[in-house]
Each structure stands twice: as C-alpha cells, then as structure tokens.
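A short write-up of the structure that comes next.
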Amino acid sequence: NTFNGRDRLQLVLSDWRRESDGADISLNLMITERKLNEAPAVVPESAETDHVAPQPATVASDAQRVIRSQMSIWKELRSFPDSRAILTRAAQKLGSDMSIFAETEPPVPGFNFVDRTALAAASNLIIWQAPPSMQVLKEILVKTGAKNVYFLGHHQTPLDEPSNFLKHLFGLVKFAVNKKGGEVHAEKLTAALGTSKMAAALGLTVFRKLHVIDWYAEDGILFLDLIGAPEGQPEDLAEFRQLSDALAAVREFRQWCADSPLKEIQLAVSPNHIELADDKKQMADCPETEEAREVVLTDECDE
Numbered sequence: 001n002t003f004n005g006r007d008r009l010q011l012v013l014s015d016w017r018r019e020s021d022g023a024d025i026s027l028n029l030m031i032t033e034r035k036l037n038e039a040p041a042v043v044p045e046s047a048e049t050d051h052v053a054p055q056p057a058t059v060a061s062d063a064q065r066v067i068r069s070q071m072s073i074w075k076e077l078r079s080f081p082d083s084r085a086i087l088t089r090a091a092q093k094l095g096s097d098m099s100i101f102a103e104t105e106p107p108v109p110g111f112n113f114v115d116r117t118a119l120a121a122a123s124n125l126i127i128w129q130a131p132p133s134m135q136v137l138k139e140i141l142v143k144t145g146a147k148n149v150y151f152l153g154h155h156q157t158p159l160d161e162p163s164n165f166l167k168h169l170f171g172l173v174k175f176a177v178n179k180k181g182g183e184v185h186a187e188k189l190t191a192a193l194g195t196s197k198m199a200a201a202l203g204l205t206v207f208r209k210l211h212v213i214d215w216y217a218e219d220g221i222l223f224l225d226l227i228g229a230p231e232g233q234p235e236d237l238a239e240f241r242q243l244s245d246a247l248a249a250v251r252e253f254r255q256w257c258a259d260s261p262l263k264e265i266q267l268a269v270s271p272n273h274i275e276l277a278d279d280k281k282q283m284a285d286c287p288e289t290e291e292a293r294e295v296v297l298t299d300e301c302d303e
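All residue numbers for the sequence shown refer to our numbering, where the first residue is 1 and numbers rise by one.
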C-alpha cells in the first residue's frame with residue numbers, strides 16, 4: 001500500500017502448525033548453532049544407534065509460547081463518542097497498571113498523562129493522543145512493553161500550524177531561561193511540543209536566524225539564552241518553509257492514525273514490517289540545516 005507518497009510492502013507470516021509438531025524454524029537454527037559449538041559425543045562401537053533418545057518435542061512449544069508472549073492485543077476505541085468515560089472505566093478495571101500517552105492534549109482531572117520521555121513499563125497502554133511520527137509510536141510501544149494497547153488517537157492539535165508552534169516554542173524557551181537556568185533536555189522540549197525532532201530543531205533555528213535566541217546543544221542538553229527583539233520576519237527564512245513542511249508531515253501522520261484501520265496501524269509497527277522508500281523520504285526526520293542538526297546529536301539520522 002501507499003502512505004505519505006511512499007510505497008510499503010507488508011509481509012505477514014501465519015504459523016498454522018500445531019505446537020506438538022516441533023518444527024519451529026528459529027528453534028532449529030538455535031539447536032544447529034548449539035550443536036556446532038558443542039564437542040561431538042563419542043559413541044562406543046558396541047553401542048546401538050537405535051537407542052539414541054530423540055530431542056524432546058516440548059522445546060518447540062516453549063518457543064511458540066515465547067513468541068506469543070511478545071504479541072500485543074490492540075483494541076479499537078476511536079469510535080466511542082465519550083472518550084473521558086473510557087478513562088474512568090479503564091481506571092476501574094486496570095487500576096495503576098496502565099500508562100496514558102498524550103503530550104499536548106488538555107489534561108483530564110484525575111488522570112496522569114505522560115509523554116514519550118516519562119513512559120514506564122506497564123501491561124496496558126492507552127494512546128490518548130496520536131504520536132507525531134511512526135518512530136515515536138514504535139518507541140512508546142517498546143518503552144511500555146504493553147500487552148494491551150487501547151487506541152483512541154486524538155489527532156487535532158493547533159501546534160501543527162507554524163505560527164502557533166513558534167509561539168508555544170518561544171514560551172517554552174522563556175520558561176527554560178527564567179526558571180531552569182536556560183538548560184533543557186532536547187527530547188523533553190520535543191515532547192512538550194508534541195512534534196518531531198526535525199520540527200523542534202527547525203523552530204529553534206528560525207529564532208536564532210531572527211536573533212531572538214541563541215543556543216547550543218551538548219550531550220542531548222540544550223543551553224538557551226534570550227537575545228532581543230526579532231530582526232525580520234520568520235516567513236522570509238528557508239527554515240520557516242522547512243518547518244511548515246515538517247509540521248505538515250506530523251499532521252499527515254496523525255491524520256493517517258485517525259483514518260487507517262487498526263489492523264493496518266498494528267502491522268506498520270510490527271518488528272518484521274518492511275517499508276520501501278527512496279533515499280529522500282528516509283531522511284524525513286532529519287534536519288536539513290547544519291544548525292538544526294545540533295539538536296539531534298544524541299539520535300542522529302542515518303545518512
């Protein structure tokens with residue numbers, strides 16, 4: 001199928017063999033490697049080979065159970081009109097063994113929303129807000145290791161518009177300078193914006209080009225400083241146009257999360273998913289300017 005102008009190939013492997021068949025491919029590879037590493041057993045000439053005990057068939061069923069334990073059960077909740085009532089029922093049923101992912105959604109009294117940096121292991125994950133990219137979606141699934149994923153995926157946010165995005169970013173910069181000594185973790189700033197690393201980097205670069213702020217990055221920490229009033233209009237900068245494109249990509253991914261069948265989303269985040277893309281699209285989450293690249297030193301994109 002096609003998403004965001006990129007052709008994707010999805011391969012789904014269905015194992016119809018019974019557990020008692022003992023014909024697991026990965027298990028056979030493990031047994032073969034183990035036999036190669038072990039010293040060969042010496043069989044006396046007088047021994048009868050008919051009496052050699054076969055490998056127990058229960059090992060294969062153990063491997064099957066391990067594979068099944070790594071699978072998550074996804075539950076569709078996007079069609080429910082009262083999403084807050086879902087949180088109430090979830091709290092009653094799941095207790096504290098759940099995490100609710102949301103980064104820029106308004107808080108709901110009585111519930112704790114966590115961003116990508118604060119997620120902890122939990123058996124149940126409620127995706128209240130659609131993440132900004134496929135990479136972030138995969139990250140939150142890995143961090144929680146959730147067995148049950150409840151997908152609501154609110155996708156509309158004003159921060160996907162460049163002017164609103166820059167206003168919010170400047171407010172976060174002012175708070176960091178006045179209350180945090182100008183230091184903030186780059187990943188935390190990106191999560192507070194609910195966006196991609198590229199969009200956050202380009203936004204900071206726009207303010208630097210306008211001589212509003214100055215900053216540098218070291219070991220994943222941003223060091224920020226306020227300079228003065230802007231010199232020029234952001235719309236005149238190439239970085240502003242790149243920021244608009246980056247935010248459009250975030251908006252488009254969130255819309256895909258809202259419109260796609262749950263099965264398609266589940267297949268897209270599966271570890272064995274194969275995606276076909278040209279080189280330019282593979283750089284979609286990489287800043288296009290040298291100054292913007294400073295923000296993502298701890299997680300460089302593949303060249």
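A virtual CB, placed ideally from N, CA and C, is assigned to each residue, including glycine.
- Message: Using DSSP's beta-bridge definition, name the partner residues of I86.
- Response: The partner list for I86 (beta bridge, DSSP) is empty, contrary to what the question assumes.
- Item | E161 to S244 span [Cα, whole Å] | 7 angstroms
- Would you identify the three-state DSSP class for N148, choosing helix, strand or coil? strand
- Item | Under the three-state DSSP convention, the category Q64 falls into | Because the pLDDT of Q64 is 37, which lies under 50, any placement of that residue in the model is unreliable, and the number read from its coordinates should be weighed accordingly. Helix, per DSSP.
- Looking at E187 and T117, is the spacing between their C-beta atoms short of 7 angstroms? yes
- Task: Run the CB neighbour count on E183, radius 10 Å, all protein chains shown included, and call it buried at 16 or more, exposed below.
- Result: exposed
- Item | 6 angstroms Cβ shell around L125 - same chain, five flanking residues per side excluded | S99, T144, A146, V149
- Report back the beta-carbon spacing between V177 and D225 to the nearest angstrom; my notes put them in contact at under 8 angstroms. 7 angstroms
- Using the Cα positions of D97 and A121, report the straight-line distance between them to the nearest angstrom. 9 angstroms
- Along the chain, where does the beta strand (DSSP E) that runs through F101 open and close? 98-101
- Closest by CA to T104, which one among G110, V114, G95? V114
- Whose C-beta lies closer than 7 angstroms to the C-beta of F305 among residues of the same chain, with five residues either side of it excluded? Any question about residue 305 goes unanswered here, given that the chain covers just 1 to 303.
- Between which two residues does the beta strand (DSSP E) harbouring Q129 extend? 124-129
- Item | Beta-bridge partners of H154, as assigned by DSSP | Q129
- Cα-Cα, which of P271, S260, N164 is closest to A130? S260
- Message: Starting from D160, trace the alpha helix (DSSP H) in both directions and tell me its first and last residue.
- Response: Premise fails: D160 is in no alpha helix (DSSP H) and is neither H nor E.
- Item | Where the beta strand (DSSP E) containing A217 begins and where it ends | 213-218
- Task: Quick one: give me the first and last residue of the beta strand (DSSP E) that L226 is part of.
- Result: 221-226
- Item | Reduced DSSP secondary structure (H/G/I, E/B, other) of E33 | Unreliable placement is indicated for E33, whose pLDDT of 45 sits below 50; the coordinate value is still reported in the next sentence. Helix at E33.
- In its own chain, which residues sit with a C-beta less than 7 angstroms from the C-beta of Q266, not counting the 5 before and 5 after it? W74
- Task: Would you give the residue range spanned by the alpha helix (DSSP H) that K188 belongs to?
- Result: 186-193
- Message: Tell me which residues share the same chain as A47 and place their Cβ nearer than 8 angstroms to its Cβ, disregarding the 5 neighbours each side in the sequence.
- Response: Confidence at A47 is low in this model, with a pLDDT of 40, below 50, so its placement is unreliable and no value can be given for it.
- S194 and P132 look like a contact to me (Cβ under 8 angstroms); what is the Cβ gap, rounded to whole Å? A small correction: the amino acid at residue 194 is Gly; Ser does not occupy that position in the sequence shown. Confirmed, Cβ separation roughly 6 angstroms.
- Message: Give me, in chain order, the residues of the same chain whose beta-carbon lies closer than 7 angstroms to that of F80; leave out the 5 immediate sequence neighbours on both sides.
- Response: I86
- Message: Are the CB atoms of R78 and G171 within a distance shorter than 7 angstroms?
- Response: no
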